[in-house]
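A.B. asks:
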Amino acid sequence: MSKYSHKANLENLYFITTLTGFMKEVQRQIQIGYKYYFENKFEYTKLKDVLGRLDEDYHVCESSDDRWHRQQENKVSVQLIMFYHGGDMIHFVLLAREGINGSKNHNFFKTLKPKDATLGHQRFTLNQYMLIRCNKQSYELKDQNINVPAVVGQWSYGLQKTYIDEIKRDFLQYLKLNDTYRLNQLYRSLTKLIAFGKVRTNYVNLRIFMAKEINIRLKSDKFFKTTIAGDFYGMPEKLPILKGIKIPTITVAEQIKPTILKKMTHPELSRKTMIFNDE
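For the sequence shown, position 43 (counting from the first letter as 1) is numbered 53 according to the numbering used here, and the numbering increases by one without interruption.
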């Protein structure tokens, strides 16, 4: 029997207060092996009760040393990442990592229905963004398959296909109707995207698609003018590279007031309500 046991400590739990910081932290944890995830939300007023239950069932108050010891003992370790930027609801993700020998004997797998972020149909998504592994999971070398673990993988957020298809559909509709106002709204929404690596690629491809459609219209309709297409040519060719992402946090143990958090709301939070994949 192991002599090691953990002590719950609220100092190890914290809120992330920006959307970009939250997304970056989830990406970082999945990359180091916490590939199984479950997401949900709860009311701020129930914070104490919910955290007590989560720690009792999944040991979410453990420190990084606690989690390392668990894995070395072939036990599942679980992390809790919370996003809160003011308001009534706290959104959270539970992330789990198998034991060092692959053990999944844990309440996380017994009581929840977690997803595997490395599987194409179970990728972690948030609003229009989707976390994608950029390099291959395995390579063939001299008739052998070499698996590349998640910790060595390269991960980035891109745009969901449904969102890309929606943008294209709306663009074609507004272009057909000569609706300059809505076209400009569409352009502005794209320039405000959080510019993760894959998102920047998606943006360039969308812009190329729009340019081709505008050129087709110019050649086929003598009454169509570039001014009708709105501010398209004023859009940057590429989104600026996202550098030095900060992950601002507040520990749960601190005296947190929603009024203080509201003042900390980051300008990139374009929506008041964050959309999660609740099931």
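From the three backbone atoms N, C-alpha and C, an ideal C-beta is built for every residue, glycine too.
Being a predicted model, the structure only gives us computed values, none of them experimental.
(1) Could you tell me which uninterrupted alpha helix (DSSP H) segments, each at least 4 residues in length, are contained entirely in the region 48-127, listed from first to last along the chain?
(2) Compute the Euclidean distance between the alpha carbons of Arg281 and Asn111, then round it to the nearest angstrom.
(3) Quick check on Glu53: buried or exposed, where buried means 16 or more other Cβ atoms within 10 Å of its Cβ?
(4) Does the region 185-197 come close enough to the region 47-65 that 3 or more CB-CB pairs lie under 8 Å?
(5) Quick one: grab the DSSP three-state call for Ile226.
(6) What residue range is occupied by the uninterrupted alpha helix (DSSP H) comprising Ile255?
(7) By how many angstroms is the C-alpha of Gln89 removed from the C-alpha of Ile100?
(8) Less than 7 Å separating the beta-carbons of Ile40 and Ala127?
(9) Thinking C-alpha only, which one of Leu196, Thr237, Phe206 and Arg227 is nearest Arg217?
(10) So Tyr173 is in the alpha helix (DSSP H); what residue range does that whole segment cover?
(11) For Arg38, which residues does DSSP report across the bridge?
(12) Give me whichever residues DSSP pairs with Ile26 in a beta bridge.
(13) Restricting to Cα atoms, I'd like to know which of Tyr213, Gly240, Arg77 and Glu49 is closest to Phe32.
(14) What does the alpha-carbon distance come out to for the pair Ile204 and Gln170?
(15) Comparing C-alpha positions only, which one of Gly244, Phe242 and Tyr46 sits nearest to Glu132?
(16) Across the region 71-79 and the region 133-142, are there enough close Cβ pairs to call them in contact, namely three or more that are closer than 8 Å?
(17) If you draw a straight line from the C-alpha of Gly109 to the C-alpha of Gln37, how long is it?
(18) Can you give me the Cβ contacts of His116 inside the same chain, cut-off strictly under 6 Å, excluding the 5 residues immediately before and after it?
(19) Quick one: what's got a C-beta closer than 7 Å to Gln81's C-beta in the same chain, skipping five residues either side?
(20) Could you tell me the distance, in whole angstroms, from the CA atom of Glu176 to the CA atom of Gln138?
(21) Please state whether the Cβ-Cβ distance between Ile257 and Glu21 is less than 7 Å.
(22) Where DSSP assigns a beta bridge to Ile142, which residues make up the other side?
(23) Per the DSSP calculation, Tyr191 is bridged to which residue(s)?
C.D. replies: Walking through what the data contain:
(1) 57-68, 74-82 and 117-121
(2) Unreliable placement is indicated for Arg281, whose pLDDT of 38 sits below 50; the coordinate value is still reported in the next sentence. For Arg281 and Asn111, the distance between alpha carbons rounds to 42 Å.
(3) exposed
(4) no
(5) helix
(6) Counting along the chain, Ile255 falls outside any alpha helix (DSSP H), and DSSP gives it neither H nor E.
(7) 16 Å
(8) yes
(9) Leu196
(10) Lys171 to Lys186
(11) DSSP, once it has assigned bridges, lists no residue as partnering Arg38.
(12) Phe93 and Thr259
(13) Glu49
(14) 13 Å
(15) The sequence given here has Gln at residue 132, not Glu. Of Gly244, Phe242 and Tyr46, the residue nearest in Cα terms is Tyr46.
(16) no
(17) 20 Å
(18) Val86
(19) Ser87, Arg107, Gly109 and Ile110
(20) 11 Å
(21) no
(22) Ser166
(23) Tyr191 is not bridged to any residue.
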